[in-house]
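So the sequences go chain by chain: B and R. Everything in the first sequence is counted per the working numbering, starting at 1157 for the first residue and increasing by one. Everything in the second sequence is counted per the working numbering, starting at 1157 for the first residue and increasing by one. The C-beta atom is built at its ideal place from N, Cα and C for all residues, glycine as well. Have a look at the structure below before the remarks.
2 protein chains.
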Amino acid sequence: MRDSQPAVADVRMRGFSSRARVATALDWIERNVRALAPEAVALDHLYGRVLAADVTSGLDVPAFDRAAMDGYALRGAETVGAGEYNPLVFELRGAALPGRPYEGVVLPGTAIRIMTGAPMPEGADAIVPAEFARECDERVEVAAPFATGKHVGHRAEDVRAGALIMQSGRRLRAQDVGLLASVGVDAASVIRRPRVRIVASGDELVAPGGPKGIYQIYDANSPMLRALAARDGALIESALRVRDDRPAIREAMLAPGADVVLISGGSSVGAEDHAPGLLAEMGEVVIHGIAMRPSSPAGFGRLNDTLVFLLPGNPVSCLCAYDFFAGRALRLLGGRAADWPHRRQRAALKRKIASAVGRVDYCRVRLTGGEAEPLALSGASILSSTTRADGFVIVPEESEGYAPGSEVCVYCYEAFG
Amino acid sequence: MRDSQPAVADVRMRGFSSRARVATALDWIERNVRALAPEAVALDHLYGRVLAADVTSGLDVPAFDRAAMDGYALRGAETVGAGEYNPLVFELRGAALPGRPYEGVVLPGTAIRIMTGAPMPEGADAIVPAEFARECDERVEVAAPFATGKHVGHRAEDVRAGALIMQSGRRLRAQDVGLLASVGVDAASVIRRPRVRIVASGDELVAPGGPKGIYQIYDANSPMLRALAARDGALIESALRVRDDRPAIREAMLAPGADVVLISGGSSVGAEDHAPGLLAEMGEVVIHGIAMRPSSPAGFGRLNDTLVFLLPGNPVSCLCAYDFFAGRALRLLGGRAADWPHRRQRAALKRKIASAVGRVDYCRVRLTGGEAEPLALSGASILSSTTRADGFVIVPEESEGYAPGSEVCVYCYEAFG
């Protein structure tokens, strides 16, 4: 186009000059979107949630000295000189199991059988592991020396009472949940998950599975947005399909219950694009029109306490605008890191990517033999380009694109298994 | 130990020689664990699931030629010669919107207003984008030429009826769900999620949140295993705490309803370790005792159609044994890739890791300034070592460990955000 129509370049440039920079949009989100209020959540549902407060242990773990091996508890000093050809003999006086301590005192010359995790009995200070001992009648032969303290797990060696074990803002991993359990925690204060309403607008949309007229299309954006929002930790408050109709869209925007409204379709400047105008009338349009490809008609704003994202109806644009802006806001609301959740990989470009200074491009690529192959950029409506792709490359606004062989950063779609 | 007790090295080696190689255990899992049967799942719940059958499109997407821009539909050949200083004028005869086509024919010298996604009207073959046109009264001035086909999205350009759009075995990403929706699919055949029963055995265990005697401990393994199994796509059938009691453990192993039983504690060779013997009596012990640290008392087997994993009670060993063996089996049952789900990163070791030939080590490390710092290896009971760690290094059985500065592969714990 640039080559064939030089005379109208300024018309296009006027179009661009009215669009916000991607950096401006991201910056607004970063500065204005804060984590939601905390809520108490039970232990079994804490995995992946974000702590809203520091957690301090109320107790020592373990709460007592204990055996770290299956074997025999005795006085370590008495094993000096023991060897395979010089076994030393101890009288066996009892046993200790986890939760079932030996109640007596281990006297000189004696030992008790003990299992891993059992409390150390009074008098004993070392464990001889079972494979270094031989039990026979009421006695045990010890075939190696074990100094005082050997194979004894000490009180509080894992966690000390009063210690800060996890900090506010931490996203809980499986073992974090385990550690909380080990100090007796059965619920924790975590950031509330954002509630998202998905609104697919368009007279032409019908639900998948039902009948469809020739000029109708199945709504692909609602299920895709549902999946994306789930990835970013949101709860789906509701998912609606509405006609290109001001009252219907107004109602979908205004109904209480959502922290974020994602509106796909009707976000541009056409006659049937009601959402931006309604948002401007009832709330605040922060950004509308962004210097990027695809998704340039995207925008967002506020309506009371709700963030409203205007996502283009073309599915690739919808995906891209969600990922650049809405997903970031959802992660911030949920207390997560704002940055792209995608795994990144460096790769050499197989073919050039053409862009333009002043515009950010989202370019789908396939990874083949360590190279990143750009898929046809044309057609924000070609959703199958994103299912054929392994990820995308972002061309920053200061770049005109990348030559073949350039090393680029590929953001990989869902980093599954 | 090796330096101070050379005389007893062969005793330890006898212990080792009775343990299975990690590779043997992994190989058995790979050869014996197959994906579960398919089930039909509704569109809104397909994200992250694994397709059990190929999906072919029943229709063209789009089903008609359509406008790819907001603008004016006309005959492209009639715009030849148009320019900013030589606008060409067309009579405006109507409009087309998505789902609301223009019913007439676009005749020579005429145009209709058209919105992105609207069906192309008969007679027209190109779109003039709105920014290259000016509308005035019943006419539109066109300021640039647009050849036949320009800005027209063609029928089936996204998906052709009859085309294979997704293959069996694919784990569905957000845009995959969108593409399925776009061809009208409202449910798909996916691999069933494995149902897991978690059994924490031990007389000393109590539920977090409740009161605890001095020699009791809070059960950390059940909530940790619940989180790990969720990560690997499993459903929790139930989670039980049972005493070290043969009938209770037998009942927990035999009850129907689970594809996998994870038993933590009581997996070793001590007097109170009932699980291995029960499994041998009622089913098959495939592996018991593995040449690794921690987790050497781990094992697994089969009981009717259920896989049973014997996980050590020490929480680090439990985590490690789950991740090496049980998690892999769950992923395979669910149709996912068997390999570690962890993000990997190369890093130089800050301090040496000591291991022994013949044994696989699982060494927790912290990543600091691009270096991997090993955390104290001692103490399979020190769960906080895994919450302080960023990931782990696996020392293979043929290695005696790594010198400081060695480049190692770090498996990062949950690749969150």
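Have a look at R/A1395 and B/Y1478 and give me their C-alpha separation to the nearest angstrom.
38 Å
Check whether the Cβ atoms of R/R1487 and R/A1414 lie closer than 8 Å to each other.
no
Look up B/V1576 in the DSSP assignment and say whether it is helix, strand or coil.
Given that chain B is displayed from residue 1157 to residue 1573, the structure contains no residue 1576 of chain B and the question cannot be resolved.
Determine which residues share a DSSP beta bridge with R/M1448 and list them.
Under DSSP, R/M1448 forms a beta bridge with R/V1516.
Kindly indicate which three-state DSSP category R/T1272 falls into: helix, strand or coil?
coil
What residues from chain R crowd round B/R1295, counting only those whose CB sits closer than 9 Å?
Under the 9 Å cutoff, chain R gives no residues; its nearest Cβ is about 17 Å from B/R1295.
Could you work out which residue in R/G1340, R/A1532, R/L1384 and R/G1369 is closest to B/G1365 when comparing CA atoms only?
R/G1340
Can you give me the Cβ contacts of B/A1280 inside the same chain, cut-off strictly under 6 Å, excluding the 5 residues immediately before and after it?
A1229, L1230 and V1262
Hey, is the segment 1210–1219 of chain R in contact with the segment 1309–1328 of chain R, meaning 3+ C-beta pairs nearer than 8 Å?
yes
Taking 8 Å as the cut-off, does the segment 1241–1253 of chain R touch the segment 1186–1199 of chain R (at least 3 CB pairs, one atom from each stretch)?
no
In terms of residue numbering, what span does the alpha helix (DSSP H) encompassing B/T1543 cover?
S1540 to R1544
In chain order, what are the residue ranges of uninterrupted alpha helix (DSSP H) at least 4 long that sit wholly in the segment 1313–1388 of chain B?
1330–1338 and 1377–1387
Should B/N1242 be labelled buried (16 or more other beta-carbon atoms within 10 Å of its own) or exposed?
exposed
Can you have a look at R/C1474 and say buried or exposed, based on whether 16 or more other CB atoms are within 10 angstroms of its CB?
buried
Taking any Cβ of chain B, which residues in the segment 1325–1337 of chain R have a Cβ under 7 Å from it, in chain order?
R1327, R1329, A1330, Q1331, D1332, V1333, G1334, L1335 and A1337
Chain R partners of B/N1188, CB-CB under 8 Å?
By Cβ distance, chain R contributes nothing, its closest Cβ being about 19 Å from B/N1188, past 8 Å.
Could you compute how far the alpha carbon of R/E1570 sits from the alpha carbon of R/R1499?
8 Å
Would R/F1220 count as contacting chain B if we go by Cβ distances under 8 Å?
yes
Assuming R/S1452 contacts R/R1175 (C-beta within less than 8 Å), just tell me the rounded distance between them.
6 Å
Using a Cβ-Cβ cut-off of less than 9 Å, list which residues of the segment 1369–1382 of chain B approach chain R; keep chain order.
Taking 9 Å as the Cβ-Cβ cut-off against chain R, the residues of the segment 1369–1382 of chain B that qualify are G1369, I1370, Y1371, Q1372, I1373, Y1374, D1375, A1376, N1377, S1378, P1379, M1380, L1381 and R1382.
Ends of the beta strand (DSSP E) at B/A1462?
Per the sequence shown, residue 1462 of chain B should be read as Thr rather than Ala. Looking at the DSSP string, the run of the beta strand (DSSP E) that includes B/T1462 is T1462 to L1467.
At a CB distance below 9 Å, what residues from the segment 1533–1555 of chain B approach chain R? Give them in sequence order.
S1534, G1535, A1536, S1537, I1538, L1539, S1540, S1541, T1542, T1543 and A1545
At what residues does the beta strand (DSSP E) containing R/S1394 begin and finish?
According to the DSSP assignment, R/S1394 belongs to the beta strand (DSSP E) that extends over L1391 to V1398.
Given a cut-off of 8 Å, decide if B/A1289 and R/A1330 are closer than it, judged by their beta-carbon atoms.
no
Indicate whether at least one CB of chain B lies closer than 8 Å to the CB of R/V1284.
It does not: the Cβ of R/V1284 has no partner Cβ on chain B nearer than 8 Å.
So which residues on chain B does R/G1273 lean against when the C-beta distance must stay under 7 Å?
What R/G1273 touches in chain B: E1360 and G1469.
Give the DSSP-derived three-state secondary structure of R/L1244 in the structure shown.
Here R/L1244 carries a strand assignment [DSSP, helix/strand/coil].
Got a sec: is the Cβ-Cβ distance from B/F1309 to anything in chain R below 8 Å?
The amino acid at residue 1309 of chain B is misidentified as Phe; the sequence shows Gly. So yes, B/G1309 belongs to the interface.
Which complete beta strand (DSSP E) runs does the segment 1201–1271 of chain R hold, if anything under 3 residues is left out?
1227–1230, 1244–1252 and 1266–1270
What residues in its chain sit with their C-beta under 7 Å from that of R/R1492, if we drop five residues either side in the sequence?
V1206, R1327 and G1389, listed in sequence order.
I want to know whether the segment 1428–1438 of chain R touches the segment 1399–1409 of chain R - three or more CB-CB distances under 8 Å.
yes
Quick check on B/G1171 - is its C-beta less than 8 Å from some C-beta in chain R?
Since pLDDT at B/G1171 reaches only 37, below the 50 mark, its modelled position is unreliable, and the value read off the structure follows with that caveat. True, the Cβ-Cβ gap to chain R drops below 8 Å.
Inspect the beta-carbon positions of R/L1489 and R/A1208 and report whether they are closer than 8 Å.
Not a contact, by the Cβ cut-off of 8 Å.
Buried or exposed, going by whether 16 or more other CB atoms sit within 10 Å of the CB of R/N1470?
buried
Output needed in chain order: residues of the segment 1239–1266 of chain R with a Cβ under 7 Å from some Cβ in chain B.
G1239, E1240, L1253, P1254, G1255, R1256 and P1257
In the DSSP assignment, find the unbroken beta strand (DSSP E) run with B/A1196 in it and report its ends.
P1194 to A1198
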